[in-house]
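Using UniProt numbering, the letters of the sequence shown correspond one by one to residues 1 to 158.
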Amino acid sequence: MTFADVMEHVAQAFEAIGAAVLLVGLLVSAWLGARVLRATKDGRRAYLALRQSFGGVILLGLEILVAADLVRTVAVQPTLESVTVLGLIVVIRTVLSFSLETEIDGVPPWRRAAASGAGHIVRAARAASAQDGLPAPGHDQADLPQRGEVGQRVADDR
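Structural data, given as structure tokens:
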């Protein structure tokens with residue numbers, strides 16, 4: 001087995017992980033949205049929890065898929081054409097990630113604290129825990145968002 005073959009398998013593993021993150025993330029996001037809806041009977045809050053958590057999942061999945069493209073391009077097919085295609089893919093995914101983060105948070109990234117895709121998922125999970133009156137692991141009740149704060153905490157930190 002050559003180095004290129006090994007790197008192709010590594011790239012395929014990254015792609016499989018990225019797809020699994022998206023699939024599992026969709027299920028977890030739907031569960032969080034349903035949990036908020038059941039606890040509050042407020043469709044808007046449930047939608048915001050679903051949107052925040054799945055938006056974070058998409059961002060995380062995109063980051064993993066970019067890593068797969070990077071491994072494949074640099075280690076498997078290091079031609080000028082493949083590097084150009086990689087550059088275009090990275091630009092498109094970066095613009096998509098930027099747009100998703102702005103849409104999820106309601107503010108441009110430079111106007112808020114740095115947050116990764118995982119940060120969106122954590123905020124949505126905390127919001128879901130707050131709906132049940134249960135503190136999230138590692139947080140006391142005072143740290144939880146109160147009614148009307150779902151999706152507003154980051155915007156308030158500007």
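Just so you know, even glycine gets a beta-carbon here, dropped at the ideal spot from N, CA and C. Since we're looking at a predicted model, the values are computed, not measured.
With C-beta atoms as the reference, is isoleucine 58 less than 9 Å away from leucine 22?
-> Here residue 58 corresponds to residue number 58 of the sequence shown, with the count starting at 1. Here residue 22 corresponds to residue number 22 of the sequence shown, with the count starting at 1. Going by C-beta atoms, isoleucine 58 is nearer than 9 Å to leucine 22.
Evaluate alanine 30 with the Cβ neighbour count: other Cβ atoms within 10 Å of its Cβ, from every protein chain shown; 16 or more gives buried, anything less gives exposed.
-> Here residue 30 refers to the residue found at position 30 when the sequence shown is read from its first residue. Alanine 30 should be labelled exposed.
Does the segment 6 to 15 touch the segment 66 to 76, meaning 3 or more C-beta pairs lie closer than 8 Å?
-> With the cut-off at 8 Å, the segment 66 to 76 and the segment 6 to 15 touch.
Quick one: grab the DSSP three-state call for valine 107.
-> As a position in the sequence shown, residue 107 is number 107, starting the count at 1. Secondary structure at valine 107: coil, using DSSP grouped into helix, strand and coil.
Between the beta-carbon of residue 178 and the beta-carbon of phenylalanine 3, is there less than 9 Å?
-> Outside the displayed range of the chain (1 to 158) lies residue 178, so it cannot be described from this structure.
Is alanine 127 near glutamine 12, with beta carbons less than 9 Å apart?
-> Taking the first residue of the sequence shown as position 1, residue 127 is located at position 127. Taking the first residue of the sequence shown as position 1, residue 12 is located at position 12. No. Outside cutoff.
Methionine 7, DSSP secondary structure in three states | Counting from 1 along the sequence shown, the entry for residue 7 is found at position 7. Helix.
Secondary structure of threonine 73, DSSP reduced to three states | In the sequence shown, residue 73 corresponds to position 73, counting from 1. When DSSP states are grouped into helix, strand and coil, threonine 73 belongs to the helix group.
Own chain residues within Cβ distance below 7 Å of leucine 86, not counting five before or after = On the sequence shown, position 86 is the one that residue 86 refers to. Scanning its chain for C-beta atoms nearer than 7 Å, with the 5 sequence neighbours on each side dropped, one finds around leucine 86 the residues Asp69, Leu70 and Thr73, in chain order.
Option in Ile17, Gly56, Phe98 and Ala16 with minimal Cα separation from alanine 125 = As a working mapping, residue 125 is identified with position 125 in the sequence shown. Closest by alpha carbon: Gly56.
8 Å contact criterion, which leucine 65 and glutamate 103 should meet: CB distance rounded = Sequence index remark: in the sequence shown, residue 65 carries index 65 (1-based). Sequence index remark: in the sequence shown, residue 103 carries index 103 (1-based). Taking C-beta atoms under 8 Å as the contact rule, leucine 65 and glutamate 103 fail to qualify, at a distance of about 19 Å.
Measure the Cβ-Cβ separation of serine 97 and leucine 62 and say whether it is below 9 Å.
-> Here residue 97 is taken as the residue at index 97 of the sequence shown, counted from 1. Here residue 62 is taken as the residue at index 62 of the sequence shown, counted from 1. Yes. Within cutoff.
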